[in-house]
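Report on the structure given below.
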Amino acid sequence: MEFKNLWVYIETDEGNAKSVGYELLNPGRRMADKLGQELVAVVMGKNVAHVAEAAAAYGADKVILVEGEEYASYNTDVQTHAMVELIGKYAPSIVLYGATNNGRDVGPRVACALRTGLTADCTALDIDEKGLLASTRPAFGGNLMATIACPDHRPQMSTVRPGVFKKPACDPSRKGEIIREEIHLPEDQIRVRLLERVKEVAEAVNLEEAEIIVAGGRGLKSAEGFALITELAEAMGGVVGASRAAVDAGWIPHAHQVGQTGKTVAPKVYVAAGISGAIQHLAGMTGSDTIIAINKDADAPIFGVADYGIVGDLFEVLPELTAAIKARKAQ
Ligand SMILES: Cc1cc2nc3c(=O)[nH]c(=O)nc-3n(C[C@H](O)[C@H](O)[C@H](O)COP(=O)(O)OP(=O)(O)OC[C@H]3O[C@@H](n4cnc5c(N)ncnc54)[C@H](O)[C@@H]3O)c2cc1C
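The sequence shown lines up with residues 716 to 1046 when you count with this note's numbering.
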């Protein structure tokens, strides 16, 4: 069997796409062009024809659209079955999934059902000189970047976290071929049911889509010290981020953590104060357009990735910066 074309699984929920699906069309387009193959988006959901059109506008040549009541919310049995059926029918060479909770569920299940491999949480994707998918991800606690290939089994599959890639340019006049597929898993084979959705009442933190992030680390010394970060973020109209050390100390909830075991972010401006720049932190923020580091240690690794660096005591620098921004805004 000849396996070809590159697929991107676009997750939907209650009729809307998760943006990581569109983001994956960016490396997907580049790699499909390199291979001289087609970029195909797979969209499953209820009333999601508009997502299929958007996928084409973001660069997919074709979109496979599977709709039905049972696809309204993610269901592990329904989606795994549909992906396995589709892959069996069309034989793609590569399949990419967003590393969301659901993408992390369906990807490995499909890999297992098809006896192929999957590289999880990739930070870079390319096609190597043999035409194989080269998936790069941190290994050994982030001390090494490993590039992993799957030479003997197909499809080659990877998951990528939201925010690692930017969405490609959207061209609404671009129309792709939309292929409708009817796949319905018999009721008695659906073992998992969604009985109720309980929305967590938590402070909404949208780090992945923030344009300005002010992040603090262990250098803030205490929860009271960490308030300086919140004040600067408010003055700049940004969102608060944190290193794992600040989260582990209990100064800020995990939803704010940036890095390998937190969020991957790509804002226009990332301010890192009292953060040393451990590789696991850098893994989540080096995609930022402009990085400003504040640290009293001139040799801190964060300065290696910063566009602007302030060597100084953050307990002096942060209040001055906040006051200067407020004064500028008041003018
Ligand atoms: C598997 C694994 C996953 C991990 N995942 C993540 C992750 O997702 N995100 C993450 O952040 N980390 C992660 N880590 C932890 C990571 O290795 C570091 O321990 C952590 O990032 C350190 O946080 P920090 O920079 O705030 O603290 P530190 O490394 O202690 O740095 C504090 C910095 O503050 C500076 N400082 C102190 N006082 C002042 C002052 N008064 N003024 C100015 N500067 C000052 C110091 O010079 C220092 O550079 C992970 C580790 C492992 C092993």
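Built from N, CA and C at the ideal position, the CB exists for glycine as well.
Do you know whose CA, among Leu922, Lys914, Asp867, Phe855, lies nearest Pro877's CA? Leu922
Taking the C-alpha atoms as reference points, what is the distance between Cys885 and Trp722? 18 Å
At a threshold of 7 Å, does Phe1030 count as lining ligand 1 (C-beta to nearest heavy atom)? yes
Can you tell me whether Ser888 sits near ligand 1, meaning its C-beta is under 7 Å from at least one heavy atom of the ligand? no
Just how far apart, CA to CA, sit Gly818 and Ala849? 19 Å
Is Gly999 near ligand 1, going by C-beta to nearest heavy atom under 7 Å? yes
Per the DSSP calculation, Glu892 is bridged to which residue(s)? Lys777
With DSSP as the reference, please indicate the residues paired to Met872 in a beta bridge. Val810, Leu833
Along the chain, where does the beta strand (DSSP E) that runs through Tyr1023 open and close? 1023-1026
Nearest-angstrom Cα distance between Ala942 and Gly730? 38 Å
Short check: CB of Ile779 to CB of Val799, under 8 Å? no
Apart from the five residues just before and just after Arg889, which ones in its own chain have a Cβ nearer than 7 Å to its Cβ? Ala771, Ala772
Within the same chain, show all residues whose beta-carbon is closer than 6 Å to that of Ala854, passing over the 5 residues directly before and after it, in chain order. Ala861
Measure the C-alpha to C-alpha separation of His796 and Leu900 and round it to an integer number of angstroms. 7 Å
Going by other Cβ atoms of all chains shown within 10 Å of its Cβ, with 16 needed for buried, is Leu840 buried or exposed? buried
Any heavy atom of ligand 1 within less than 5 Å of residue CB: hits in chain order: Gly856, Gly932, Arg933, Gly934, Ser958, Arg959, Ala960, Gly974, Gln975, Thr976, Gly977, Gly989, Ile990, Ser991, Ala993, Gln995, His996, Asn1010, Lys1011, Asp1012, Ala1015, Asp1028, Leu1029
Use the C-beta contact count for Lys804: other C-beta atoms within 10 angstroms, 16 or more gives buried, fewer gives exposed. exposed
Residue burial classification, Thr1005 (beta-carbon count within 10 angstroms, cutoff 16): exposed
Ser937 burial status per 10 Å Cβ neighbour count (16 or more: buried): exposed
With burial defined as no fewer than 16 other Cβ atoms inside 10 Å of the residue's Cβ, what is the status of Ala787: buried or exposed? buried
How long is the line joining the alpha carbons of Glu1031 and Ile1025, rounded to whole angstroms? 11 Å
May I ask you to list the residues that DSSP assigns as paired with Lys978? Val973
I'd like to check one pair, Thr874 with Cys837: are the Cβ atoms closer than 8 Å? yes
Looking at the strands, I want to know which residues DSSP matches up with Tyr724. Val757
Classify Asn790 as buried or exposed, calling it buried when 16 or more other Cβ atoms lie within 10 Å of its own Cβ. buried
Name the DSSP beta bridge partners of Ile1009, please? Ala988, Ile1025
Spell out the partners DSSP gives Arg852 in its beta bridges. Ala861
Is the stretch 975-990 close to the stretch 895-915, with three or more CB pairs under 8 Å? no
Using a Cβ-Cβ cut-off of 6 Å (strictly less than) and excluding sequence neighbours within five positions of Asp776, which residues of its own chain qualify? Glu753, Leu754, Gly891
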